[in-house]
Every structure is written in C-alpha cells, then in structure tokens.
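> Count the sequence shown with mature numbering (1 follows the signal peptide of the UniProt record, and there is no 0) and you get residues -17 to -1, 1 to 305, in order.
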Amino acid sequence: MYASLLTIALAASSVAAAPLQARDYANKNDNLEDYAQYHTRYLASSCPDKHNDQTGFFQDCCRPLKKGDLESVGGDVEKWYKNNGKDRCWPGAEAIAAAEERVKKNDSKSSAVPSASSASAPAATSDAAQPGDNAGAEYFDAGASSSAAPSSTSTEAPKPSPTEEAKKEEPKQEENKGNQGGGTVRTGIATHFTPWDGTKQKMGGDAMDDPHCGSGYTWDIYGGLQGNWVALESSLYKEPGVSSDGVSAYCGRTVRITSKTTGATVEAAILDSCPSCHKQGDIDVSPNVFNQLQNIVTIPFDSDEQPDNDPGELEVEWQILG
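Have a look at this one:
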C-alpha cells in the first residue's frame, strides 16, 4: 500500500495490522527504524484509535522514524520525541511492554495453528519447518518442505505397484496446486482498512491511491467502500510472480473467507499487498467484508466511520479459489 493511504481505526488490542502508511514504509525500511519496534510503539500509542484525531496525533506520532534521526540520539526514541517537541508521542515504558506482550501472544496463538494443507502431505515430513522455526512457517504450503520426503523412505519399502505409485503422486499434485494459491486453506487473523482519507473525502470521492494491483484493479472498480476486496501478506502476494509494475499474478482472483467465530463466509477480490500482516495466513479486508464476517449488514457509511461493533481483528480461515 502506498505511503499516503490511511488505515481505518482498529481496536486497541489489534496486533496484526499497522497503519497503511507503514505498508510502504515496511517495503523501504532500509532507511527507517526497525519495523517491529515501530509496530509495537504504534500499538502502545493506541494509534488504531487516532486515525481521525483532530489534534494531529496520528500525523505526529504514528509514523516510523528515520534511522538517521534515531542514530543521532543513540537509538533512544523517547529522547528523539522530547528533543523535537513531541513529548506526547512517547507512550511510556509500561505501554510499550504491554504492546510487546500482545504481539508475543498473537504470534504464539498463530504458530499453534497447523496449516490445513498439511493433511494432504506425505507422511514422511520430518524435515518440514516446525511452528516457530521462522515467522509464518506454519502457514507455508506443505510442498516446499516435504516434497522430497517420500524418496527418503522408498529405498527401505517394498517396490510399490503401479496403483500405489499413482496414489503417491496425488499429494504432490495437490501441493503444487497449493503453491499457486488455489485449494490451499490458510488460517490467520483478518483486520480491516480503507484507502480513503476520512477527514477529507466521503463516500463517492476518489481513493487517494491505486492498490498495489494497479489501475486495472482500482477500489472503485471493485465497489469502493461497499466492495469486497482483500490485501494479502506481502510475501504471499509476490509468490506467484510480480510484474515490473508490482502487479501480482494473484490480482483479481477471488478469496473465500470464513470467520471462525461466526461461521460467516464472504468472497472478496485480491487487490493489494499487506506488508504489515505478520504471516501468510493474515489478511487485511475491506470494511464491508469485515462487517459481513461478523454477520452485520450495514447501510452505506462514510469513509471515516468504523465497521459496526468493531473488534479490530477476527480469526479466519480462507483460500484462493481457482
């Protein structure tokens, strides 16, 4: 997402998505502070609730700092804020610690959920990545880590019949299909966002920027604020290949999303990338999709309004169709 986009406010407990400006910053963090540090401070400062704050808090306090600026104060964020007359931006050590704990709990909760695609993987998967080996490993397609497993045991087993050989090939075919997105069921956290600046524009106005999928997949083409669209975690967005303009082969494809809380199922089009999503199972969806996942049907709302009864995030199961 481009740097000028602003996020719709999430609940204070949200741990899976950062402000939309951060998506662009996250892609260029070689010049910016550590993203994990920034994201923790973003949560500690209750930035999800400050999107429409009229005092300028979001603009002053909810954006990452430049590495060079922090180096000038020895990496002390609190000191930098004070030196620049932004004392109110420092949330305090206690709030930082609480935010770090929320992030840690979310990571632990996500890593405890096995990939749904593992059910079709071959039995010999001792070399597969285990939860916690690296971020999001439990959501990666099984094929990448287990495709060589059958050969490790075939020399010790009796020579299979032609029928058995055919059966052995079936899991590999499913894994390859999963690597292209279709058929792989993922589990993670869904958050919501809007590309409209609620303080300046209302429903019917132009979005501030096109999504990562480009001008052929604009928000307006897919229904604007009342549309059903979704952003994929950045590494998954790039997985099938990306053009020189940043357009993923996934762009325009349909995602079927089911809330693990309500059981509601919604279909949405892939329009964007979400670098601030923690794992490949996490997604960022339109306000309309978020409402539908809660079984809430709303009348058209202005871009600066929140989804009704907003919990900030939902546990979901989803897959790319086709």
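All residues carry an ideal CB built from backbone N, CA and C; glycine is no exception.
Using 8 Å as the threshold, is the C-beta distance between Q302 and V168 below it?
Locating residue 302 in the sequence shown gives position 319, where the first residue counts as 1. Locating residue 168 in the sequence shown gives position 185, where the first residue counts as 1. Yes, the Cβ-Cβ distance between Q302 and V168 is below 8 Å.
> Which first and last residues belong to the alpha helix (DSSP H) in which H22 is found?
Numbered from 1 along the sequence shown, position 39 holds the residue referred to as residue 22. Note, H22: alpha helix (DSSP H), Y18 to A27.
> Quick one: what's got a C-beta closer than 7 Å to A82's C-beta in the same chain, skipping five residues either side?
Taking the sequence shown and counting its residues from 1, the one referred to as residue 82 is at position 99. Contacts found: T23, L26 and A27.
> What does C234 pair with, by DSSP beta-bridge criteria?
Position 251 of the sequence shown, counted from the start, is the residue given in the question as residue 234. For C234, which the question treats as bridged, DSSP gives no partner whatsoever.
> Less than 8 Å between C-beta atoms, sequence neighbours within five positions excluded: which residues of the same chain meet that for E300?
In the sequence shown, residue 300 corresponds to position 317, counting from 1. Excluding sequence neighbours, E300 sits near A99, V168, R169, T170, I240, T241 and K243.
> Just to confirm, are C257 and S217 a CB contact at a threshold of 8 Å?
Here residue 257 corresponds to residue number 274 of the sequence shown, with the count starting at 1. Here residue 217 corresponds to residue number 234 of the sequence shown, with the count starting at 1. Their beta carbons are under 8 Å apart, which means C257 touches S217 by this criterion.
> Look up S242 in the DSSP assignment and say whether it is helix, strand or coil.
Locating residue 242 in the sequence shown gives position 259, where the first residue counts as 1. Three-state DSSP puts S242 in a strand.
> Just verifying my parser: in three-state terms, what is the DSSP assignment at R46?
Reading the sequence shown from its first residue, position 63 is the one you call residue 46. Three-state DSSP puts R46 in coil, outside helix and strand.
> Going by DSSP, which residues form a beta bridge with V60?
The sequence position of residue 60 within the sequence shown is 77, counting from 1. Answer is none; V60 lacks a bridge partner.
> Between G199 and A232, what straight-line distance do the alpha-carbon atoms span, to the nearest angstrom?
Translated into positions along the sequence shown, residue 199 becomes position 216. Translated into positions along the sequence shown, residue 232 becomes position 249. Rounded to whole angstroms, G199 to A232 spans 13 Å at the Cα level.
> Any idea what DSSP makes of S198, helix, strand or coil?
Residue numbering aside, residue 198 sits at position 215 when the sequence shown is read from its first letter. Residue state, collapsed to three classes: helix.
> How would you call E84, buried or exposed, if buried means at least 16 neighbouring beta carbons within 10 angstroms?
Residue numbering aside, residue 84 sits at position 101 when the sequence shown is read from its first letter. Exposed, because fewer than 16 other Cβ atoms sit within 10 Å of the Cβ of E84.
> Relative to the ligand FAD, is the shortest distance from any of its heavy atoms to the C-beta of G58 smaller than 7 Å?
Looking at this structure, you won't find the ligand FAD or any other ligand, since it has none at all.
> What's the C-alpha gap between L208 and T201?
As a working note, residue 208 is residue 225 in the sequence shown. As a working note, residue 201 is residue 218 in the sequence shown. Their Cα atoms are separated by approximately 12 Å.
> Could you give the distance in angstroms between the alpha-carbon of P47 and the alpha-carbon of Y64?
Numbered from 1 along the sequence shown, position 64 holds the residue referred to as residue 47. Numbered from 1 along the sequence shown, position 81 holds the residue referred to as residue 64. One C-alpha to the other measures close to 12 Å.
> Excluding the 5 residues preceding and the 5 following Y205 in the sequence, name in chain order all residues of the same chain whose CB lies nearer than 8 Å to its CB.
Looking up residue 205 in the sequence shown gives position 222. Only N211, W212, A252 and L254 meet the Cβ criterion.
> DSSP state of L215, grouped into three classes?
Locating residue 215 in the sequence shown gives position 232, where the first residue counts as 1. Here L215 sits in strand by DSSP.
> Grab me the residues of T146's own chain with a C-beta within less than 8 Å of its C-beta, minus the 5 sequence neighbours each way, in chain order.
Taking the first residue of the sequence shown as 1, we reach residue 146 at position 163. Low per-residue confidence applies at T146: pLDDT is 47, beneath 50, and the placement is therefore not dependable enough to give any value.
> Less than 8 Å separating the beta-carbons of E62 and C44?
In the sequence shown, residue 62 corresponds to position 79, counting from 1. In the sequence shown, residue 44 corresponds to position 61, counting from 1. Correcting the residue type first, residue 62 is Lys in the shown sequence and not Glu. Against a cut-off of 8 Å, the Cβ pair of C44 and K62 comes out as no contact.
> Compare the C-alpha of Q275 against each of G75, D267 and V249 and name the closest.
Walking along the sequence shown from the start, residue 275 turns up at place 292. Looking at the Cα atoms, V249 is the closest of the given residues.
> Keeping to the same chain, check which residues put their C-beta closer than 6 Å to that of Y21; ignore five residues upstream and five downstream.
The residue labelled residue 21 in the question sits at position 38 within the sequence shown. The residues are P47.
> V299 lies in the beta strand (DSSP E); which residues open and close that run?
As a working note, residue 299 is residue 316 in the sequence shown. Per DSSP, V299 belongs to the beta strand (DSSP E) from L297 to I303.
> Which residues bound the alpha helix (DSSP H) around L276?
Taking the first residue of the sequence shown as 1, we reach residue 276 at position 293. Residues P270 to L276.
> Leaving out the 5 sequence neighbours to the left and right, which residues in its chain are closer than 7 Å to D228 when beta-carbon positions are compared?
As a position in the sequence shown, residue 228 is number 245, starting the count at 1. These residues qualify, in order along the chain: G197.
> Could you tell me the boundaries of the beta strand (DSSP E) in which L254 lies?
Walking along the sequence shown from the start, residue 254 turns up at place 271. Per DSSP, L254 belongs to the beta strand (DSSP E) from T248 to C257.
> By DSSP, does D203 sit in helix, in strand, or in coil?
On the sequence shown, residue 203 is found 220 positions in, with the first residue counted as 1. Coil at D203, not helix or strand.
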